[in-house]
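Okay, so here's the structure we're looking at.
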Amino acid sequence: MSVSNECLGGRLIGVVSAFFVFGTPAMAASVDDLSYVTNGAAITITDCALNASGELLIPAEIDLFPVTEIGASAFRDCTALEQVILPPSITHIGDYAFRNCDALGEFTVPGGVSNWGVNIFRSSDGLTNVVIESGATDLAVGMFQYCGNLAQVSIPGSVTNLAKDAFYGCETLSAITIPNSVSVIGEQAFYGCEGLLRVDLPSGLSRIEYGTFYQCIAMTNAVIPSTVTYIGGSAFKYCYDLEDVTIPEAVTTIGYESFVHCESLKHVQIPDGVTDLTVAFVNCPSLTNVVIGTDLTYLHGNNFTYCSNLTAVVVAPSNTAFTSLDGVLFNKDMTTLVMFPDGKPGDYSVPGTVADIKASAFEDAERLTKIETSVFSYCPNLTSIEIPLSVTSIGNSAFSHSGLQRIDLHSGVTDIGNDAFNANNLEEVTLHEGLESIGSRAFAYCPLLKSITIPSTVDNLGAYGAAYCGTLTNATFNGNVPATLGSAPFASASAEFKVFCYDGAIGFTTPLWNGYPCEFLSMKSFGTWINAIIDPNQTKPADTPAGDGIPNLLKYAAGLEPETGYNETNLYTYAWEGSELVVTYYQATNTVGVGLSPIVAETLMDDWSNEGIVPVNTGAFDALGRAVMEVRLPCDDSTGFLRMGAIHY
Numbered sequence: 006m007s008v009s010n011e012c013l014g015g016r017l018i019g020v021v022s023a024f025f026v027f028g029t030p031a032m033a034a035s036v037d038d039l040s041y042v043t044n045g046a047a048i049t050i051t052d053c054a055l056n057a058s059g060e061l062l063i064p065a066e067i068d069l070f071p072v073t074e075i076g077a078s079a080f081r082d083c084t085a086l087e088q089v090i091l092p093p094s095i096t097h098i099g100d101y102a103f104r105n106c107d108a109l110g111e112f113t114v115p116g117g118v119s120n121w122g123v124n125i126f127r128s129s130d131g132l133t134n135v136v137i138e139s140g141a142t143d144l145a146v147g148m149f150q151y152c153g154n155l156a157q158v159s160i161p162g163s164v165t166n167l168a169k170d171a172f173y174g175c176e177t178l179s180a181i182t183i184p185n186s187v188s189v190i191g192e193q194a195f196y197g198c199e200g201l202l203r204v205d206l207p208s209g210l211s212r213i214e215y216g217t218f219y220q221c222i223a224m225t226n227a228v229i230p231s232t233v234t235y236i237g238g239s240a241f242k243y244c245y246d247l248e249d250v251t252i253p254e255a256v257t258t259i260g261y262e263s264f265v266h267c268e269s270l271k272h273v274q275i276p277d278g279v280t281d282l283t284v285a286f287v288n289c290p291s292l293t294n295v296v297i298g299t300d301l302t303y304l305h306g307n308n309f310t311y312c313s314n315l316t317a318v319v320v321a322p323s324n325t326a327f328t329s330l331d332g333v334l335f336n337k338d339m340t341t342l343v344m345f346p347d348g349k350p351g352d353y354s355v356p357g358t359v360a361d362i363k364a365s366a367f368e369d370a371e372r373l374t375k376i377e378t379s380v381f382s383y384c385p386n387l388t389s390i391e392i393p394l395s396v397t398s399i400g401n402s403a404f405s406h407s408g409l410q411r412i413d414l415h416s417g418v419t420d421i422g423n424d425a426f427n428a429n430n431l432e433e434v435t436l437h438e439g440l441e442s443i444g445s446r447a448f449a450y451c452p453l454l455k456s457i458t459i460p461s462t463v464d465n466l467g468a469y470g471a472a473y474c475g476t477l478t479n480a481t482f483n484g485n486v487p488a489t490l491g492s493a494p495f496a497s498a499s500a501e502f503k504v505f506c507y508d509g510a511i512g513f514t515t516p517l518w519n520g521y522p523c524e525f526l527s528m529k530s531f532g533t534w535i536n537a538i539i540d541p542n543q544t545k546p547a548d549t550p551a552g553d554g555i556p557n558l559l560k561y562a563a564g565l566e567p568e569t570g571y572n573e574t575n576l577y578t579y580a581w582e583g584s585e586l587v588v589t590y591y592q593a594t595n596t597v598g599v600g601l602s603p604i605v606a607e608t609l610m611d612d613w614s615n616e617g618i619v620p621v622n623t624g625a626f627d628a629l630g631r632a633v634m635e636v637r638l639p640c641d642d643s644t645g646f647l648r649m650g651a652i653h654y
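Be aware that the sequence shown starts at 6, since it is given in the numbering used here, and climbs by one per residue.
Structure (structure tokens):
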């Protein structure tokens, strides 16, 4: 009898249930349930009645012939069999012989078995304990694959080979002793053993193959013997709790993504014999330091991305390809900055010897707060850079005389130093709301720069801030005149140069302001536009007062009215042209600080982004006077999702 309690509608109800079973117990299975054939002078069991139940004892002889083989799928789907006892005469067990035997709890494999099929016990969910008798030399391919409740396996010292996928998906297997006789462990042997806590690998092992411990999420410690020379790709990938692993000095290969997402791993020492490393330790956020040995000559730029607590990389002095200074990785002669540790805090000044900075060298450097004076100055080959979101300040001359062609400073950057972006190739500058200070000559001497927009939050624009830019045709202020305005901020611009500001902006005059032609634009701020909404409870950016699913901010950016119902074709249309998806969308020309952009994601669970999307203004206008924009997206066979987003700038 059982009693349970549950709370329904605020009342505690006691439920009493009684269970009674009448009738006789199920009969044990017998030889009569078996089908078999005679092969020469021996018996092969080929089949068993699916309704066979309980315990089955297979005799050593049938019709005076020895029983030596269990045929392929012989007991497959015999879901009521609780125990099958094999005679010691068995030498061969065929493919899927005991697959889906869900009631089978314990099993003993005779030591005389020398010929194995594949996936012998696959998906036998009731199997909890297996004893393999001495004499057996192999664990077959996929032998216990998806035996979700397997808790204990006794492996004798006669076994030399654990084949591929042997324990794949055995989620409750928490411990296993692998005898030192084992010299081969196949690919993905323990893949997805989510309950495995620790493994001591045998002393004769030389290779850890691909995916051997993939997604062993609870494993905290792996003892790798000194005989191992090879660690395969994804060998320990997604071992979230792995804290301690020592890579032996004999190892010469660490495979692709071998320790990716080992989120508890704290220290790594790369042995001297390893010559290249590719994406082996990505997303190891607990990793604090890395030691690189003598022979490493190739290190992929993204190898330690998202290691947010990595503060230092140390290189063996005798390494001929790399060196480190203050925890930062360089090539040997320190002319190339290879990698800046993601977790290294504070400000940083790049040494004067550096002429090149590797792609992604500063990727995910979340604790870098300032790009110091002259860090990237006189780096003509530096054509683009992504500023880490943690950076709030760009130092004096930080990118002066670099090869930068365009720069997008995120909204967290509040200060740009003097002469920060004097760059001959700079064509495009994007400054975001939140920027407070633009230093003297910050964008001066940029002969290819044609326009610049000053955010409304800027309260200091230094002298000659964007001066001597011979092709500069306009500067647009999103707000009032900065409280501190240096002299001649746009000196020696093009003959067509004009300053634009918005209606109501304070401090500007027409037709001239500060000696420059000035024009007020009839623009609607979001606040002015939103005031047209009658219902005061529908004035937030994400509200949809028309009930059409299009939020206020998106309508504002698209030049639509807040309380009028629309559909997606009022925002964008799309068509296929060969392998390209052509998206046409409509951008209001009188909005302040907000624009439209297509945003994409690989799956609906991923973050939406406009990274890599390059909009083109077609020069046309629709019936509402909106600019017609176009984006071309090359597409392959992978799945993707597209929608429109409102982008602050």
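The beta carbon of each residue, even a glycine, is placed where N, CA and C say it ideally should be. None of the values given here were measured: they were computed from a predicted structure.
Beta-carbon spacing of residue i, residue j below 8 Å
| i | j | result |
| --- | --- | --- |
| Y243 | Q220 | yes |
| A425 | G444 | yes |
| G260 | V279 | no |
| V599 | L647 | no |
| Y507 | V597 | yes |
| P603 | V633 | no |
| Y41 | S78 | no |
| T182 | G153 | no |
| C312 | F286 | yes |
Residues near residue i in its chain [Cβ-Cβ closer than 7 Å; skip 5 each side]
| i | result |
| --- | --- |
| E524 | K503, F505 and T515 |
| T251 | I229 |
| F495 | A471, A472, L477, A480, F502 and Y521 |
| A108 | T84, A85, L86, E87 and G131 |
| D82 | L55 and N105 |
| T549 | I555 and P556 |
| A223 | E199, G200, L201, L202 and D246 |
| D540 | P550 |
For residue i, the residue or residues it bridges with in DSSP
| i | result |
| --- | --- |
| M634 | Y590 and N622 |
| E433 | R411 |
| A227 | V204 and V250 |
| F327 | N336 |
| G650 | S602 |
| Q88 | E60 |
Length of the line joining the Cα atoms of residue i and residue j
| i | j | result |
| --- | --- | --- |
| T283 | Y577 | 41 Å |
| S442 | Y196 | 54 Å |
| H415 | K349 | 20 Å |
| T325 | D300 | 8 Å |
| M32 | L202 | Residue placement at M32 cannot be trusted, given a pLDDT of 48 that sits under 50; the coordinates are not used to answer. |
| I63 | D38 | 11 Å |
| I511 | L440 | 19 Å |
| L490 | H437 | 19 Å |
| F103 | F126 | 5 Å |
| S461 | C289 | 40 Å |
| L210 | V164 | 13 Å |
| E60 | A227 | 39 Å |
| S179 | I98 | 27 Å |
| V295 | F381 | 26 Å |
| V588 | V463 | 34 Å |
| A317 | T569 | 57 Å |
| F448 | H272 | 43 Å |
| E391 | Q410 | 12 Å |
| G630 | L526 | 15 Å |
| G122 | A145 | 7 Å |
| Y235 | K455 | 55 Å |
Cut-off 6 Å between Cβ atoms - residues of its own chain near residue i, not counting five sequence neighbours on either side
| i | result |
| --- | --- |
| C384 | S407 |
| S119 | T96 |
| D413 | T435 |
| G15 | Note that G15 scores 30 on pLDDT, short of 50, meaning its location in the model is unreliable; the coordinates nonetheless yield the value given after this. Contacts found: none. |
| W534 | Y561 |
| D281 | Y303 |
| F482 | I459 and C506 |
Beta-carbon proximity list for residue i, same chain, < 8 Å, skipping 5 on both sides
| i | result |
| --- | --- |
| G650 | L559, L601, S602, P603, I604, W613 and N615 |
| A65 | P71, V72, P92, P93 and S94 |
Could you name each continuous beta strand (DSSP E) segment of 3 residues or more that falls completely within the segment 476 to 531, going from the start of the chain to the end? Taking 3 residues as the minimum length, the beta strand (DSSP E) runs contained wholly in the segment 476 to 531 are 479 to 482, 503 to 507 and 521 to 526, in order along the chain.
Go through the segment 251 to 310 residue by residue and report every complete run of the beta strand (DSSP E) that reaches 3 residues or more, in order. Positions of the beta strand (DSSP E) runs, each at least 3 residues long and wholly inside the segment 251 to 310, are given as 272 to 274 and 294 to 297 in order along the chain.
Give, in chain order, every unbroken run of the beta strand (DSSP E) that is at least 3 residues long and sits entirely within the segment 129 to 154. 134 to 137, all fully within the segment 129 to 154.
In chain order, which beta strand (DSSP E) runs of at least 3 residues are fully inside the segment 176 to 205? Within the segment 176 to 205, the runs of beta strand (DSSP E) at least 3 residues long that lie entirely inside it are, in chain order, 203 to 205.
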